[in-house]
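Colleague: Per the numbering used here: the sequence shown = residues 1 to 92.
Glycine residues also receive a C-beta, built at the ideal position from the N, C-alpha and C atoms.
The structure is given below, and queries will be raised subsequently.
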Amino acid sequence: MKSPVDKLLGKHQDLIHTDGMKVTSHTHREDNENWFLHTLMIEGCDAPFKFKRKKRYKNLKGKLVNMTYYVDYDIVAGFEIETMRVVRIKLH
């Protein structure tokens, strides 16, 4: 039987899955009245990893996480910046 990650990766070819990534920074802020936008920085990676949740999430700074994500791009002050859009995150 396939794991949930294997099922996701089979359906969506652009997804990337990594295990045991160390979180160096974790911030969260209200995106609108019902959602919190979380931003993670990962050791050895310059791109931010972003995800939304309806509630605050525990602080992940210094923790190891497994993530499944897409490469995405945001426009900030006219510049295109690479970001990672997280679709699944679990503590390692």
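#1: By DSSP, does K11 sit in helix, in strand, or in coil?
#2: Can you tell me whether Y73 is helix, strand or coil according to DSSP?
#3: Classify L60 as helix, strand or coil using the three-state DSSP reduction.
#4: So, helix, strand or coil for K50, using DSSP?
#5: Indicate the three-state DSSP secondary structure (helix, strand or coil) for H28 in the structure shown.
Modeller: On the basis of the data shown:
#1: helix
#2: strand
#3: coil
#4: strand
#5: strand
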